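Numbered by this note's numbering, the letters in the sequence shown go through residues 1 to 119 in order.
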Amino acid sequence: AATTCSACDLGYDSAEGSVECSLADAGHYLDSSLETQTCPRNADCSGSQYIPQPRKSYWVDRSSFAFVAEIHACSRETCKGATESTCWTYNVFNLSDASFDDCDPADLLCTNGAHGPLC
């Protein structure tokens, strides 16, 4: 039997071989309702299950999933931007997956010796 691919709605993507469009496409992310949202300014959104990742010189409050799209400019040169992609997935962040404990915001977002809001 032949398999036919169907296009996903704007903002959505699917895993290879899947018939469901349950992932975000590049430039989008899944919100807490699993609806896609456009990537906020000064962040990168690689799609799939990744949440917005702040660019260098920007910071995000990781204390609640409600803040993932609120990207803040840093006034000092201590915000290094997102570098560890495994800590930026919907499952790790929103569901408090066990690996979330390995995702210290100071290590993820701030240069060595800096910590707290806006590093």
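Note that beta-carbon positions come from the ideal geometry of N, C-alpha and C, so glycine has one too.
Quick caveat, the model's predicted, so the values are computed rather than measured.
Specify the secondary structure class of L10 as computed by DSSP and reduced to three states. In the sequence shown, counting from the first residue as 1, residue 10 sits at position 10. L10: coil per DSSP, three-state reduction.
What's the gap between the Cα of A73 and the Cα of P54? Within the sequence shown, numbered from 1, the residue matching residue 73 stands at position 73. Within the sequence shown, numbered from 1, the residue matching residue 54 stands at position 54. Rounded to whole angstroms, A73 to P54 spans 9 Å at the Cα level.
Determine the closest residue to K80 out of S63, T89 and G113, with distance taken between C-alpha atoms. Residue mapping note: residue 80 aligns to position 80 of the sequence shown, counting from 1. Among S63, T89 and G113, the Cα nearest to that of K80 belongs to G113.
Boundaries of the alpha helix (DSSP H) in which L109 is found, first to last residue: Translated into positions along the sequence shown, residue 109 becomes position 109. P105 to L109 is the extent of the alpha helix (DSSP H) around L109.
First and last residue of the beta strand (DSSP E) that includes L30? Looking up residue 30 in the sequence shown gives position 30. It spans H28 to L30 - the beta strand (DSSP E) in which L30 sits, taken as one unbroken run.
Would the C-beta of C21 count as close to the ligand NAD, meaning under 7 Å from any of its heavy atoms? Judged by which ligands are present, the structure shown has none, so any question about the ligand NAD falls away.
Could you check the C-alpha separation between T86 and A43 for me, to the nearest Å? One-based indexing of the sequence shown puts residue 86 at position 86. One-based indexing of the sequence shown puts residue 43 at position 43. Approximately 16 Å, taken between the alpha carbons.
Determine the closest residue to D107 out of C21, Y12, D9 and V60, with distance taken between C-alpha atoms. Taking the sequence shown and counting its residues from 1, the one referred to as residue 107 is at position 107. It is V60.
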